[in-house]
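**Q**
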Amino acid sequence: MRDKAVSLPNQARLYTLDRIIHEPARLLIVTHLAAVESADFVFLLRQTGLTKGNLSAHLRTLEAAGYIEVKKEFVERIPRTLLRLSATGREALKEYRRQMKQIIHQ
Amino acid sequence: MESIPNPKIIEKRAYNVYHSDGIFDMVIGLTLLAYGILNFFDSLHPWMSFVIAFLPAVSVRWLKKKITYPRVGFVKFVEWKSTRWTTALIIAGILMVMVLGFVLLPKIIGEPSQVKFRLVESIAIYSVGIMLLGLLLAVAYLQHLTRLYGYALLIAVCATAGHLMHIGLEYYIAFIGAVAAVVGIVLFIRFLKRYPRLEGDESYAG
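Protein sequences, first through last, are from chains A and B. Take the position in the first sequence, starting the count at 1, then add 8; the result is the number in my numbering. Take the position in the second sequence, starting the count at 1, then add 288; the result is the number in my numbering.
Laid out in C-alpha cells, this is it:
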C-alpha cells in the first residue's frame with residue numbers, strides 16, 4: 009500500500025470492506041479471539057494494550073454486530089466474562105482477510 | 289497492509305505468555321531439589337516420594353489459578369493444543385509402561401543370576417534416562433516450550449558426567465533441580481514485574 013498507488017478497481021473494493029472489523033482496535037480484538045477458543049476481558053486487555061473503556065466500547069460494537077458471544081460466569085464467587093468469536097465473526101474475519109489480500113496483491 | 293495480525297503468531301505469543309511465569313520450572317526444580325536432598329540424607333520414605341510426585345501437579349494448577357490468571361487473564365486455547373497435550377500424555381504413558389516393563393521384567397520372568405540382574409538393571413537405568421530425555425524433548429517440541437530443550441541438554445550432560453565421574457544420582461538430581469528452581473524464580477519475578485495485578489473492575493460490563 010505504501011509503495012503502490014491504489015488502482016481504481018481496488019479503491020472501489022476498499023469501500024466494500026467490513027467497517028466493523030476494519031477499525032484497527034477491533035481487528036486486533038477479533039484476531040486475538042480467532043486465535044483462541046475463548047478468553048476473558050483481562051486477557052484481551054493485556055494482549056491488545058487497549059484501555060478498559062476503549063476495550064469495553066469495542067466489545068459492545070462487536071457484540072451488537074453479532075461477531076462475538078459473551079458468557080458471564082462465576083468462578084469461586086468472582087465474576088468472569090468469557091468472550092468468544094461467533095461463527096458470523098469468524099466468517100467476517102475470513103472474508104476481510106480475503107478482501108485485503110486481493111487489494112494488496114492486485 | 290502487511291500489518292494484518294496473524295492468528296497463529298498471536299496464539300503462539302499468548303501461549304508463551306502463559307508459560308513465562310516460571311511456575312512450572314520453580315515447582316519442578318524445588319521438587320527435584322527436595323528429592324535430591326532427602327535422598328542424600330537417606331531420609332526419603334516411600335510416602336514422601338508419593339507426596340513429592342503429586343505436589344507439582346497440584347501446586348502448579350493452584351499457583352496458575354491464583355497468580356497467572358488474575359494477571360494475564362484466562363484463555364482457553366483451541367482444540368489442537370489439547371490434542372497436543374493428549375499426545376504428550378499418551379507418549380508419557382507409553383514410556384512409563386516401557387520403563388516399568390524394563391524394571392519389572394527380571395522380577396516377572398523369575399530370579400535371574402546376579403550378573404544377569406546387574407546387566408538388566410544397568411540397561412533399565414540407561415533406558416529410564418533416555419526415555420525421560422525423550423519425553424522432555426517430546427513435550428518441548430509438542431508444546432513449543434524452547435527452554436525445555438535446555439533442560440534436556442542439562443540432564444544429558446549431568447547424567448553423562450555423573451556416570452563418568454561416578455557422582456551419585458542424588459547430586460545431579462539436586463543440581464538440575466536447583467538450576468530449574470533458579471530459572472523459575474527469575475522468570476517468576478520478571479513475570480510479576482511485567483504483569484502487575486489489575487486493580488478495580490476487571491470485567492467487561494457490556
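All C-beta atoms, glycine included, are put in the ideal place defined by N, C-alpha and C. Quick caveat: nothing in here was measured; it's all calculated off a predicted structure.
Inspect the CB distances between the segment 319 to 328 of chain B and the segment 68 to 85 of chain A and report whether three or more fall short of 8 Å.
**A** No, the segment 319 to 328 of chain B is not in contact with the segment 68 to 85 of chain A.
**Q** Starting from A:PHE8 and walking both ways along the beta strand (DSSP E), at which residues does that stretch end?
**A** The question about residue 8 of chain A has no answer here: the residues shown for chain A are numbered 9 through 114.
**Q** The beta strand (DSSP E) spanning B:VAL363 covers which residue range?
**A** Within the second sequence, numbered from 1, the residue matching residue 363 of chain B stands at position 75. Per DSSP, B:VAL363 belongs to the beta strand (DSSP E) from 363 to 365.
**Q** Residues of chain B with CB under 7 Å from A:LEU25, in chain order?
**A** Residue 25 of chain A sits at position 17 when you count from the first residue of the first sequence. Residues of chain B passing the Cβ test: none, with the nearest at roughly 10 Å.
**Q** What residue range is occupied by the uninterrupted beta strand (DSSP E) comprising A:ALA47?
**A** Looking up residue 47 of chain A in the first sequence gives position 39. That run of the beta strand (DSSP E) goes 44 to 48.
**Q** Three or more beta-carbon pairs under 8 Å between the segment 443 to 458 of chain B and the segment 303 to 311 of chain B, yes or no?
**A** no
**Q** Between the C-alpha atoms of B:TYR460 and B:GLY450, what's the straight-line distance to the nearest angstrom?
**A** Here residue 460 of chain B corresponds to residue number 172 of the second sequence, with the count starting at 1. Here residue 450 of chain B corresponds to residue number 162 of the second sequence, with the count starting at 1. Answer to the nearest angstrom: the Cα atoms are 7 Å apart.
**Q** Report back the beta-carbon spacing between A:LEU4 and A:GLN107 to the nearest angstrom; my notes put them in contact at under 8 Å.
**A** The structure shown does not extend to residue 4 of chain A, since chain A is modelled only from 9 through 114, so no value can be given for it.
**Q** Using the rule of at least 16 other Cβ atoms within 10 Å of the residue's Cβ for burial, across every protein chain shown, is A:ARG54 buried or exposed?
**A** In the first sequence, counting from the first residue as 1, residue 54 of chain A sits at position 46. Under this definition A:ARG54 is a buried residue.
**Q** Distance check for A:LEU93 and B:LEU420, CA to CA, integer angstroms please.
**A** Position 132 of the second sequence, counted from the first residue, corresponds to residue 420 of chain B. Position 85 of the first sequence, counted from the first residue, corresponds to residue 93 of chain A. The alpha-carbon atoms of B:LEU420 and A:LEU93 are separated by roughly 39 Å.
**Q** In chain order, what residues of the same chain lie with their CB nearer than 8 Å to the CB of B:PHE476, ignoring the 5 residues before and after it?
**A** Mapped onto the second sequence, residue 476 of chain B falls at position 188. ASP309, GLY310, ILE311 and MET314, listed in sequence order.
**Q** If we count the other Cβ atoms within 10 Å of its Cβ and call it buried at 16 or more, is A:LEU22 buried or exposed?
**A** Residue numbering aside, residue 22 of chain A sits at position 14 when the first sequence is read from its first letter. Looking at its Cβ environment, which holds fewer than 16 other Cβ atoms inside 10 Å, A:LEU22 is exposed.
**Q** Grab me the residues of A:HIS30's own chain with a C-beta within less than 8 Å of its C-beta, minus the 5 sequence neighbours each way, in chain order.
**A** For the purposes of this step, residue 30 of chain A is taken as residue 22 along the first sequence, with counting starting at 1. So the qualifying residues of the chain are TYR104.
**Q** Closer than 9 Å by beta-carbon distance: list the chain A residues that pair up with B:LEU486, in chain order.
**A** Walking along the second sequence from the start, residue 486 of chain B turns up at place 198. Those within 9 Å of B:LEU486 in chain A are VAL50, LEU53, ARG54 and LYS60.
**Q** Excluding the 5 residues flanking A:PHE82 on each side, which residues of the same chain have their C-beta closer than 8 Å to its C-beta?
**A** Numbered from 1 along the first sequence, position 74 holds the residue referred to as residue 82 of chain A. Excluding sequence neighbours, A:PHE82 sits near ARG88.
**Q** Under 8 Å between C-beta atoms, does A:ARG88 make it to chain B?
**A** Along the first sequence, read from residue 1 onward, the residue named residue 88 of chain A stands at position 80. Cβ-Cβ to chain B under 8 Å: yes for A:ARG88.
**Q** Helix, strand or coil for A:ARG34, going by three-state DSSP, please let me know.
**A** For this step, residue 34 of chain A is matched to residue 26 along the first sequence. It is helical.
**Q** Taking a cut of 9 Å between CB atoms, which residues from the segment 97 to 113 of chain A lie near chain B?
**A** LEU101, TYR104, ARG105, MET108, LYS109, ILE111 and ILE112
**Q** Using 8 Å as the threshold, is the C-beta distance between A:VAL44 and B:VAL471 below it?
**A** Within the first sequence, numbered from 1, the residue matching residue 44 of chain A stands at position 36. Within the second sequence, numbered from 1, the residue matching residue 471 of chain B stands at position 183. At the C-beta level, A:VAL44 and B:VAL471 stay beyond 8 Å of one another.
**Q** Any residues in the segment 352 to 368 of chain B with a beta carbon nearer than 9 Å to a beta carbon of chain A? Which ones, in chain order?
**A** LYS353, TYR357, PRO358, ARG359, VAL360, GLY361, PHE362, VAL363, LYS364, PHE365, VAL366 and GLU367
**Q** Would you list the one or two residues that DSSP bridges to A:ARG92?
**A** Counting from 1 along the first sequence, the entry for residue 92 of chain A is found at position 84. In DSSP, A:ARG92 forms a bridge with A:GLU77.
**Q** Could you check if A:GLY97 is buried or exposed, using at least 16 other CB atoms within 10 Å of its CB as the buried criterion?
**A** The count along the first sequence starts at 1 and reaches residue 97 of chain A at position 89. With 16 or more other Cβ atoms within 10 Å, it is buried.
**Q** So which of A:LYS80, A:GLY74 and A:GLY61 has the shortest CA-CA distance to A:ASP48?
**A** On the first sequence, residue 48 of chain A is found 40 positions in, with the first residue counted as 1. Considering only alpha carbons, the answer is A:LYS80.
**Q** According to DSSP, what are the bridge partners of A:PRO87?
**A** For the purposes of this step, residue 87 of chain A is taken as the residue at position 79 of the first sequence. A:PHE82.
**Q** Run through DSSP, which three-state label would A:ILE25 get?
**A** If you number the first sequence from 1, residue 25 of chain A lands on position 17. Before going further, note that residue 25 of chain A is Leu rather than Ile in the sequence given. Residue state, collapsed to three classes: coil.
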